[in-house]
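Structure record follows, encoded as structure tokens.
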Amino acid sequence: MLALVFILMMPAAVHAGWTENWESIRQAMVKVHSISADFTQKKNLRILARPLVSTGRFYYRAPGDLRWEYSSPLKNVLLVHGDKVAMYVWNNGSFTKDEGPQLEATRIVMEQIATWLNGNFHDNRAFTPELKPGNPASIVLVPARDALAKFIKQITLRLSGTPGVISSIEILEPQGSSTVIEFSHISLNTEISDTTFERVK
Amino acid sequence: MKYLLLVFLALTITSCRTLTPPPHTVVTDPYLREQCAPAGSPAIFRAVHVIHATIHGKTSSFIGITIGDVPADSLRATLLSVEGMVLLDAVDVKGHITIFQAMYPLDSEIFVRGLFDDIKFMFFPLSGDLVSAKVNPDGSLTCAWIDNNREFKKNAGPSGELVVSEYNADHREMRQVKLRPPLMKGFYKQMRMEAYGMRGYSLSLDLLESEPLEHVDGLFSR
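Chains A and B supply the protein sequences, listed in that same order.
Heads up: the first sequence is residues 1 to 201, going by this note's numbering.
Heads up: the second sequence is residues 1001 to 1222, going by this note's numbering.
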């Protein structure tokens, strides 16, 4: 899920018209070598009186290194470096490895969306993509398989008014639940060290 | 994934034993009955916790949302992954379980039934016959109940910490939960549960938010 979210929010490029068609999006994405950003995640469930808000920061370095780090309400770090995927959670004053089912799900999603790294959404068989023009333009992804549709109804990427930036991601789930992730303080193509993706601290 | 299955199977085990009810007398002293009376969560409530589940030294972490209606003996439990994915959503209405949504290996009714049993152990007030009660020299209070062939003991320390234990017919401790103040809208800030035995496990719950509810209209339906 995290990897999916991450890949989909990659700012594509900073030139006008980058959302005009799939090819312009693909060309913009391959120019992104690294990215980091703060995020605010709001989980909406019908049984909650108010959204459950999580915050953190993520780092990406091409071709596939990722650090997705929550700072609140639970300190949690997902590291993807090469073919290694690990998740750590803050518990009793230190980070410990998390063996939860979400790690397996993340690993599967990583495999599924690897083709999106080059910005070609049509190479992925798990989702059917649709590019919707507008202000802002958006990319809508609908699961192509029933197994995935049990957990994700639709993903919408809203493109920022600033060229090359996706401002938010909305993940709709069955039963009316949703997750909205908004990004801020985005840095593009800056140097990110190996340790960011290798070590939890 | 095999490890996860083990975790969730283990979570279901401890509540499955049945016991021969021992003969007992009921405490009638009004003062002791009042002192032993359950305090804590409201009758109808919603609570959100960060949960760490540990077995054999390995830990999984979740966010748990609990809707409880004590008078109606009903619960709704939703487990989210840290990133917000719904891993389990189920209700228990008077022991009748309905699973709305579940991701393997949490989709077993046996696991879900064990989960609800743990939740009731931690959140619902103890009921049954109060069979012993005493004030200890250090000022703490020890109370014991027998309910539905199970024996429970509660120790309320002077600092406000509660320890509740469940015993089997051999008086062997099966589960224990420690509830640590401060109280937030009737909920303890921290809860630590240990289930003993070969397939023992521990649950650590840290309260994020809680609130009493006036009603549960619609909250136990999909």
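Cβ coordinates follow ideal geometry from the N, Cα and C atoms, glycine included.
Remember, it's a predicted structure, so these values are computed and weren't measured experimentally.
Beta carbon of residue i, beta carbon of residue j: below 8 Å?
i	j	result
B/P1212	B/P1042	yes
B/E1166	B/R1180	no
B/E1109	B/I1119	no
A/V80	A/L66	yes
A/I171	A/A37	no
B/L1183	B/A1047	no
A/L45	A/S193	no
B/F1116	B/D1092	yes
A/Q221	B/R1192	With chain A covering only 1 through 201, there is no way to say anything about residue 221 of chain A.
B/T1078	B/I1097	no
A/V32	A/A62	yes
B/D1107	B/S1127	no
B/L1080	A/K75	no
B/W1145	B/V1131	yes
A/L188	A/I35	yes
Keeping to the same chain, check which residues put their C-beta closer than 6 Å to that of residue i; ignore five residues upstream and five downstream.
i	result
A/F151	none
A/L131	I139
B/L1141	Q1035, V1135, A1156
A/E198	H81
A/Q154	V142, L172
B/F1124	V1070
A/A137	T19, L159
A/V200	V77, Y88, F95
B/L1203	A1053, M1193
B/E1209	V1048
Tell me the DSSP bridge mates of residue i?
i	result
B/I1110	According to DSSP, which records beta bridges pairwise, B/I1110 is partnered with nothing at all.
B/S1204	B/H1052, B/R1192
B/G1157	DSSP output for B/G1157 lists no bridge partner at all.
B/Q1176	B/S1165, B/E1194
A/L78	A/W68, A/M87
B/H1096	B/V1093
A/Y60	A/I35, A/L66
A/S184	A/D38
B/A1047	B/T1066, B/S1210
B/T1028	According to DSSP, which records beta bridges pairwise, B/T1028 is partnered with nothing at all.
A/V140	A/E130, A/T156
A/K97	A/Y88
B/D1129	B/I1146
B/T1078	B/I1065, B/D1089
Run the CB neighbour count on residue i, radius 10 Å, all protein chains shown included, and call it buried at 16 or more, exposed below.
i	result
A/H122	exposed
A/S94	exposed
B/V1050	buried
B/T1028	exposed
B/H1052	buried
A/G56	buried
A/S72	exposed
B/L1004	Because the pLDDT at B/L1004 is just 45, under 50, the model does not fix this residue reliably, and the value given afterwards should be weighed accordingly. Burial call: buried.
B/Q1101	buried
A/T195	exposed
B/M1198	exposed
B/V1026	exposed
A/G53	The question names Gly, but residue 53 of chain A in the sequence shown is Val. A/V53 is exposed by the Cβ-count criterion.
A/T190	exposed
A/G134	exposed
A/Y59	buried
B/G1114	buried
B/G1084	buried
B/E1214	exposed
A/D98	buried
A/R50	exposed
A/N91	buried
B/A1195	buried
B/R1150	buried
Looking only at its chain, what residues have a beta carbon closer than 7 Å to the beta carbon of residue i, apart from the 5 residues adjacent to it on each side?
i	result
A/G17	S24
B/L1219	I1067, R1076
B/A1037	none
B/V1086	T1078, L1080, Q1101
A/A144	R125, A126, F127, T128
Once you ignore the five residues that flank residue i on each side, which residues in its own chain have a CB closer than 8 Å to its CB?
i	result
A/S184	A37, D38, F39, T40
B/E1161	K1178, L1179, R1180, P1181
Please tell me whether residue i has its Cβ less than 8 Å away from any Cβ of chain D.
i	result
A/N135	As a matter of chain content, chain D is missing from the structure shown, whose protein chains are A and B.
Query raised in the report: Can at least three beta-carbon pairs, one atom from the segment 1044-1061 of chain B and one from the segment 1143-1158 of chain B, be found at a separation below 8 Å?
Result: no
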